[in-house]
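Working notes, beginning with the structure itself.
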Amino acid sequence: MRHLLSLIRRCIEDFDMISAGDKIAVGLSGGKDSVALLCAMSKLRDFYPKKFDIMAITLDMGFEGADFSPLTKLCTELDVEFKLVQTNISHVVFDIRNESNPCSLCAKMRRGLLNDVALANGCKKVALAHHFDDAIETFMLSLTFEGRLYTFMPQTWLDRKMVMQIRPMLYVKESEIIALVSRLGLPVVHNPCPANGHTQREEIKTLLCTLEKKYPGYKNRVFGAIRRFPLRGWETAGGADIIAD
């Protein structure tokens, strides 16, 4: 956890993500990434010099058989306010709209509702669990399928909602998250979405794994290029080569 916290703190300070007095909503899907983020933010809350508070928000997508009780227990143990919101997003995406590309619409609906719930509970910042690998995958997705140089920004100001989205785990590799969750025995909720594992992102993830094996350090170089260019929103006083193997 100490290593994870050091990377998260570095990211937060590089991009000035937290101000004193902030109440931050952590988007808690129940997957390994969001669970790791919540645990790290709860630890950081205890010693970070700029005092802040957090709450966790989980959106029940409406898939049959989803069990969020482990998340309720985790939030109680961490002394974190928890809100579980029932939605019909799965019904809209898969039954009403019958989307051929369900992930795009689902993501928009989830984030829109997450921001609304955050604001209703006094949170003007929302922490999302995107990590190092997510940033690279999004960059490669945009390059491969859209022909543009893009990935999400470390923090995004949403004018319509008056909410700041922050991504404190951008310096954390997915392999580090997997190891942490396993070592600490953190609860992970199964994702029942029928599209899970069958997306363009999964294709890009596989491609990147192949390239990393053939050209060791490939992901680090892509991430470094994103920062050195830099892409919009990635400007910072911090250095570009912050990831060590």
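Going by our numbering, the letters in the sequence shown line up with residues -13 to 231, in that order.
The beta carbon of each residue, even a glycine, is placed where N, CA and C say it ideally should be.
With respect to Val167, Ala22 sits close: the two C-beta atoms are nearer than 8 Å. Its Cα nearest to that of Asp145, the residue Gly98 stands out among Gly98, Asp0, Phe49. Secondary structure at Ala11: strand, using DSSP grouped into helix, strand and coil.
In the DSSP assignment, the residues bridged to Trp143 are Met150. Taken through DSSP and simplified to helix, strand or coil, Asp46 comes out as strand. Setting aside the 5 residues that flank it on each side, Arg134 is surrounded in the same chain by Ser128, each with a C-beta closer than 8 Å to its C-beta; the list follows chain order. In the same chain as Glu123, and ignoring 5 residues on each side of it, the C-beta atoms closer than 8 Å to its own belong to Arg187, Ile190, Lys191, Leu194, in chain order. Within the same chain, and ignoring the five residues on either side of Leu64 in sequence, the residues whose Cβ sits closer than 6 Å to its Cβ are Ser28.
Per DSSP, reduced to three states, the secondary structure at Glu67 is strand.
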